[in-house]
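Residue 283 in my numbering is what sits at position 94 of the sequence shown, and the numbering runs on without skipping anything. For each residue, glycine too, the CB sits at the ideal point set by N, CA and C. Only a predicted model underlies this, so the values are computations on that prediction, with no experimental measurement involved. These notes concern the structure reproduced below.
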Amino acid sequence: MKNFQILALSSLFVFSCAMNAPTASAESNDFTLGTVQSQLSDGMSSSQVVELLGSPNLVTSTQGGGEAWTYDKVSQESEASSVSGAGAGSSGNFFGIFGGGRSKNSTTSKNLTLIIKFNADGLVSSYKYQSIKY
């Protein structure tokens, strides 16, 4: 019986302190703020932009025969953790078995919008981006 109690307490101690690692729910994509800032530049061809960032979400015509490409990426990161105490706590818990403990869930949303303007020759003439984290 004593061995069972030691095993139960040891298991409770080990598993009550476990925390979940953060997970990202966004799909893998080359369209990131770092890619835009470091690799996108004026004068790139439309095929180079597609190779770098993938297909745009929206394409519109501009005055002068050019195009405006819009990329929009929304992503979420979720983190969940829980802690359960071992031993009698102030809330009347007995070895963390009968209730008690804490759990924490947090979600962060990110939105990255990029608008690229191409001239009539199909080369990047300008671009603007906005990154929001909430």
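Selected residue, minimal CA-CA separation from residue i, among the options
i	options	result
T336	S271, L312, Y323, T302	Residue 336 lies beyond the residue range present for the chain, which begins at 190 and ends at 323; the question has no answer from this structure.
S320	K306, S264, R291	S264
P245	D261, Y323, D231, S230	D261
S230	K322, N300, S315	S315
T297	D219, K322, G232	K322
L241	S271, Q228, K299	Q228
K293	F307, V272, K306, I305	V272
R291	S270, E266, W258	S270
Own chain residues within Cβ distance below 7 angstroms of residue i, not counting five before or after
i	result
S250	E256
A309	G253, G254, G255
S234	G311, L312
S236	none
Continuous beta strand (DSSP E) stretch holding residue i: start and end
i	result
Q265	256-272
S250	247-250
Near the ligand ZN: residue i beta-carbon under 6 angstroms from a heavy atom
i	result
W258	For the ligand ZN, the structure offers nothing, since it holds no ligand at all.
Terminal residues of the alpha helix (DSSP H) in which residue i lies
i	result
Q226	222-228
G244	In the sequence under discussion, the amino acid at residue 244 is Ser, which differs from the Gly named in the question. Unbroken run through S244: none, as it is neither H nor E.
Sequence-distant residues of the same chain with beta carbon closer than 6 angstroms to residue i, five excluded per side
i	result
Y318	V225, L303
N300	V263, I321
Same chain only: Cβ atoms within 8 angstroms of residue i, ignoring 5 sequence neighbours per side
i	result
V248	E256, A257, W258, T259
G232	L312, V313
At what residue ranges does the segment 287-323 contain a whole run of the beta strand (DSSP E), taking only runs of 3 or more? 291-307, 313-322
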